[in-house]
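Read the structure below first, then the notes.
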Amino acid sequence: MDLFEYKNNELYCEDVPLASIAQAIGTPCYVYSSTTFKQHLEDLEQAWEGTPHLTCYSVKVASNLALLKIVAARNLGADIVSGGELFRALKAGIEPSKIVYSGVGKTASEMAEALEASILMFNVESAAELELLAKIAADKNLTAPISLRVNPDVDPKTHPYVATGLKESKFGVPAAEALELYSLASQTPSLRPVGLDCHIGSQLVSVEPFREAASILKDLILRLRQSSIPITFLDLGGGLGINYFQEKPPTPAQYAGALKEVLSGMPDLTVITEPGRVVAGNSAVLLTKVLYLKQTQAKSFVIIDGALNDLIRPSLYGSYHAIGLVKSNDGPLSPVDVVGPVCESGDFLAKDRPLPPVAAGEFLAVRSAGAYGFSMSSNYNSRPRAAEVLVSGNSFEVIRNRESYQDLIRGE
Ligand SMILES: *Cc1c(COP(=O)(O)O)cnc(C)c1O
Numbered sequence: 018m019d020l021f022e023y024k025n026n027e028l029y030c031e032d033v034p035l036a037s038i039a040q041a042i043g044t045p046c047y048v049y050s051s052t053t054f055k056q057h058l059e060d061l062e063q064a065w066e067g068t069p070h071l072t073c074y075s076v077k078v079a080s081n082l083a084l085l086k087i088v089a090a091r092n093l094g095a096d097i098v099s100g101g102e103l104f105r106a107l108k109a110g111i112e113p114s115k116i117v118y119s120g121v122g123k124t125a126s127e128m129a130e131a132l133e134a135s136i137l138m139f140n141v142e143s144a145a146e147l148e149l150l151a152k153i154a155a156d157k158n159l160t161a162p163i164s165l166r167v168n169p170d171v172d173p174k175t176h177p178y179v180a181t182g183l184k185e186s187k188f189g190v191p192a193a194e195a196l197e198l199y200s201l202a203s204q205t206p207s208l209r210p211v212g213l214d215c216h217i218g219s220q221l222v223s224v225e226p227f228r229e230a231a232s233i234l235k236d237l238i239l240r241l242r243q244s245s246i247p248i249t250f251l252d253l254g255g256g257l258g259i260n261y262f263q264e265k266p267p268t269p270a271q272y273a274g275a276l277k278e279v280l281s282g283m284p285d286l287t288v289i290t291e292p293g294r295v296v297a298g299n300s301a302v303l304l305t306k307v308l309y310l311k312q313t314q315a316k317s318f319v320i321i322d323g324a325l326n327d328l329i330r331p332s333l334y335g336s337y338h339a340i341g342l343v344k345s346n347d348g349p350l351s352p353v354d355v356v357g358p359v360c361e362s363g364d365f366l367a368k369d370r371p372l373p374p375v376a377a378g379e380f381l382a383v384r385s386a387g388a389y390g391f392s393m394s395s396n397y398n399s400r401p402r403a404a405e406v407l408v409s410g411n412s413f414e415v416i417r418n419r420e421s422y423q424d425l426i427r428g429e
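Mapping of the sequence shown onto my numbering: position 268 corresponds to residue 285, and the numbering continues sequentially without gaps.
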């Protein structure tokens with residue numbers, strides 16, 4: 018579901034014509050639909066109703082404070098992967114007791130900050146990390162609540178860069194090693210095992226890999242409980258896919274339904290999930306302007322003012338993003354490459370994409386750009402990063418100013 022729809026051949030975000038946003042604040046800019054973002058959170062809450070659960074929004078996916086405040090206002094939690102994300106989450110008012118901290122490379126100072134903030138738990142990804150965390154907690158006279166991120170060696174059948182639960186991946190520890198580490202942790206006074214965690218990948222379009230992983234983790238919990246290690250949180254990570262093109266991902270209800278089935282008969286367990294893409298992905302577009310049309314012997318190019326520094330997913334993963342004219346027309350479709358100004362042949366947002374006729378000065382909306390869009394953007398080619406705009410009903414506000422040239426050289 019998303020609230021980017023055509024009315025009289027004009028593309029709207031909720032009740033605001035995208036053209037009016039482009040005219041008011043310029044392009045490129047990210048435009049988020051707050052109602053869509055909220056609805057996606059709501060759908061997940063409904064899907065888990067009746068099961069003790071905590072939704073921890075994955076901050077890295079779209080990290081603007083205005084979005085995190087929506088999460089905080091609903092009393093939901095956050096999944097963070099850095100000290101910077103902890104800072105953002107706390108600033109936005111997310112309760113520390115609802116924050117889980119994932120990632121293979123937490124530094125000593127990041128651990129200290131999270132300990133001082135009293136987060137819910139550290140998702141520990143190696144023996145060496147566990148050792149350092151124990152030491153830092155002991156030095157501070159604190160106890161670190163931990164869960165181990167287990168790598169269940171399940172194939173999520175997704176892009177290799179976002180498959181994280183195969184045994185070749187850098188993430189987590191093998192199930193066999195986890196048992197030893199839990200036993201070590203339970204004998205370490207500065208550590209308190211409270212959960213078990215996994216995150217097998219992103220953009221999953223079937224429930225099967227989730228089911229498989231959950232069942233491996235369930236067995237582990239039973240074994241841990243037998244060894245008197247009382248695990249109360251089962252963190253199943255994020256990963257639920259969205260529709261970019263013709264994918265048919267499970268609905269939140271189907272996803273939660275399948276997992277509830279696997280976990281039935283597990284009392285005293287709170288299920289944590291870390292959804293990101295499914296919340297933010299279809300909640301935003303990247304709004305751009307056509308600069309030039311360029312015809313070569315081989316190709317037709319539509320050159321726009323958005324580029325790989327604004328949205329890297331097509332270049333990085335070969336991802337598909339639907340592209341729509343902000344003022345649609347029913348002229349004949351012909352294939353074009355939609356490219357940006359950046360000096361790389363990898364700078365494209367679409368290749369051989371059938372589009373109706375489009376002219377310089379027109380606006381294009383790159384759809385499904387809310388997840389891993391702005392948050393992965395950069396200043397490459399000394400391009401100021403795009404503005405971000407949040408729409409609610411018939412009004413919009415700038416939630417991040419377009420960067421200035423001064424911003425570009427800050428700190429140099
Ligand atoms: C990136 C990430 C997520 C979010 O994944 P989505 O596919 O966007 O839902 C959740 N948990 C961890 C540990 C992650 O690294």
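Each residue gets a CB set at the ideal place from its N, CA and C atoms; glycine is no exception.
Euclidean distance between Cα positions of residue i and residue j
| i | j | result |
| --- | --- | --- |
| MET18 | ALA301 | 12 Å |
| GLN312 | VAL319 | 9 Å |
| ILE340 | VAL383 | 5 Å |
| ALA134 | VAL375 | 52 Å |
| LEU328 | GLY387 | 10 Å |
| PRO173 | SER80 | 25 Å |
| GLU429 | ASN26 | 46 Å |
| SER244 | LEU234 | 15 Å |
| GLY94 | LYS24 | 36 Å |
| PRO226 | LEU35 | 38 Å |
| PHE365 | LEU333 | 10 Å |
| SER399 | GLY390 | 18 Å |
| ILE238 | PRO247 | 8 Å |
| VAL98 | ILE116 | 10 Å |
Alpha helix (DSSP H) segment containing residue i, residue limits
| i | result |
| --- | --- |
| PRO269 | 269-279 |
| ASP156 | 144-156 |
| GLY94 | Unbroken run through GLY94 is the beta strand (DSSP E), 94-97; no alpha helix (DSSP H). |
| TYR431 | Examination of residue 431 is not possible in this model, given that the chain is present from 18 through 429 alone. |
| ARG427 | No alpha helix (DSSP H) contains ARG427, which DSSP labels as neither H nor E. |
| ASP172 | ASP172 -> no alpha helix (DSSP H), and no H or E assigned at all. |
| TYR261 | It is not in any alpha helix (DSSP H) - TYR261 carries neither H nor E in the DSSP assignment. |
| LEU328 | Note, LEU328: premise wrong, no alpha helix (DSSP H); not H, not E. |
Residue nearest to residue i in terms of C-alpha spacing, selected from the options
| i | options | result |
| --- | --- | --- |
| PRO45 | ARG419, PHE318, PRO162, PRO177 | ARG419 |
| GLY122 | ASN140, SER114, ALA106, LEU132 | ASN140 |
| PRO210 | GLU278, LEU251, GLU414 | LEU251 |
| ALA64 | LYS277, SER332, LYS55 | LYS277 |
| SER207 | ARG242, PHE188, LYS157 | LYS157 |
| LEU303 | VAL406, TYR334, GLU264, ARG400 | VAL406 |
| THR305 | VAL288, LEU107, ASP96, LEU342 | LEU342 |
| ASP369 | LEU85, PRO358, LEU350 | LEU350 |
| GLY255 | GLN263, SER245, LEU221, SER399 | LEU221 |
| LYS108 | GLY258, ALA129, LYS86, PRO373 | LYS86 |
| GLY335 | GLN271, PRO284, GLY363 | GLY363 |
| ASN346 | GLU361, ILE321, PRO358, LEU381 | LEU381 |
| GLU102 | MET128, ALA90, LYS265, ARG91 | MET128 |
| LEU137 | SER281, GLN423, THR249, VAL295 | THR249 |
| SER50 | THR68, GLU66, CYS30, LEU58 | CYS30 |
| SER119 | ILE426, LEU20, THR181, ALA231 | THR181 |
Per DSSP, cross-strand counterpart(s) of residue i
| i | result |
| --- | --- |
| ARG166 | ASP214 |
| GLU405 | TYR47, ARG417 |
| HIS70 | VAL288 |
| ASP354 | PHE318 |
| PHE250 | GLY212, THR287 |
| LEU381 | THR305, LEU342 |
| CYS30 | PHE21, VAL33 |
| LYS311 | PHE318 |
| ASN140 | SER164 |
| ALA297 | The partner list for ALA297 (beta bridge, DSSP) is empty, contrary to what the question assumes. |
| ALA180 | GLY218 |
| SER362 | DSSP, once it has assigned bridges, lists no residue as partnering SER362. |
CB contact check: residue i to chain B, cutoff 8 Å
| i | result |
| --- | --- |
| VAL295 | Among the chains of the structure shown, chain B does not appear; only one protein chain is present. |
Start-to-end residues for the beta strand (DSSP E) that takes in residue i
| i | result |
| --- | --- |
| TYR118 | 116-118 |
| TYR199 | Note, TYR199: premise wrong, no beta strand (DSSP E); alpha helix (DSSP H) at 192-203. |
| SER367 | The sequence given here has Ala at residue 367, not Ser. That run of the beta strand (DSSP E) goes 365-372. |
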